[in-house]
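Counting from 5, one number per residue, gives the positions in the sequence shown under the working numbering.
The beta-carbon is built from N, C-alpha and C at its ideal position, and this holds for glycine as well.
None of these values were measured; they are calculated from a predicted model.
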Amino acid sequence: MSKSGAARHVPLNSEALSALERWKKQKPTGRLFEVGSIKTAWATLMTDAKIVGFRFHDLRHHFASKLVQAGVPLNTVRELLGHADWL
5 MSKSGAARHV
15 PLNSEALSAL
25 ERWKKQKPTG
35 RLFEVGSIKT
45 AWATLMTDAK
55 IVGFRFHDLR
65 HHFASKLVQA
75 GVPLNTVREL
85 LGHADWL
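Quick look at the structure:
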């Protein structure tokens, strides 16, 4: 689900989908992630790795940059990132 509450479809390979399905079954709430737990886990990871100034959102930017560099059409990049139509 997007931050605006709209449904979001994210393409995943079979290995990633299987891992998420197994993980979801282990969660009492049925939710894969809680917002607070993601922030805490990211902060811990960055501290343990001694990485400063790298935000979770930077992964999204990197993904988009790699797609553009690989020649993926901008409309496809927009759709994968969940951006609304620009026209």
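Residue i versus residue j: straight-line alpha-carbon distance, rounded
{"i": "leucine 85", "j": "histidine 66", "result": "11 Å"}
{"i": "lysine 31", "j": "leucine 24", "result": "11 Å"}
{"i": "alanine 68", "j": "alanine 88", "result": "15 Å"}
{"i": "alanine 53", "j": "threonine 44", "result": "14 Å"}
{"i": "serine 41", "j": "threonine 48", "result": "10 Å"}
{"i": "phenylalanine 60", "j": "methionine 50", "result": "10 Å"}
{"i": "alanine 20", "j": "histidine 13", "result": "14 Å"}
{"i": "serine 119", "j": "serine 22", "result": "Only positions 5 to 91 of the chain appear in the structure, and residue 119 is not among them; the question remains open."}
{"i": "valine 72", "j": "leucine 63", "result": "14 Å"}
{"i": "threonine 33", "j": "arginine 82", "result": "31 Å"}
Contacting residues, own chain, Cβ-Cβ under 6 Å from residue i (five flanking each side not counted)
{"i": "lysine 28", "result": "Leu36"}
Nonlocal neighbours in the same chain, by C-beta distance under 8 Å from residue i, ignoring five residues either side
{"i": "leucine 16", "result": "Leu24"}
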